[in-house]
Amino acid sequence: MFFEFLGIFFVYLFIALVVYFHLVFVFIRDYCFNLFSSISLLYLFISILTFKQYCFPFYCSNI
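The sequence shown begins at 1 in full-length UniProt numbering and counts up by one.
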């Protein structure tokens, strides 16, 4: 029970951090459009890939 809650908590924490950093990059992008838009999209893409690779097997094994 505790480990299921811990897995769900880390999944939501990771999603919140990704959204937060993406919003920060989008805010900075208003000033430096080309550089930071490519960085934010690349960061979001890499975070989605690492999320699928690391978090989902760990999360599904806890259920």
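Glycine included, each C-beta is placed from N, C-alpha and C at the ideal position. Note that this is a predicted model, so its numbers are computed, not measured.
Take I46 and list the residues in its own chain whose beta-carbon comes closer than 8 angstroms to its own, dropping the five residues that flank it on each side.
Position 46 of the sequence shown holds residue 46. Nothing listed; no residue qualifies.
Alpha carbon to alpha carbon, how far is Y12 from I39?
Indexing the sequence shown from 1 puts residue 12 at position 12. Indexing the sequence shown from 1 puts residue 39 at position 39. Between Y12 and I39, the C-alpha separation is close to 23 angstroms.
Give me the residue from F10, L6 and Y43 with the minimum Cα distance to residue 64.
The question about residue 64 has no answer, for the chain in this structure spans 1 to 63.
Output the distance between the C-alpha atoms of L6 and I15, rounded to the nearest integer angstrom.
Residue numbering aside, residue 6 sits at position 6 when the sequence shown is read from its first letter. Residue numbering aside, residue 15 sits at position 15 when the sequence shown is read from its first letter. Roughly 14 angstroms between the two C-alpha positions.
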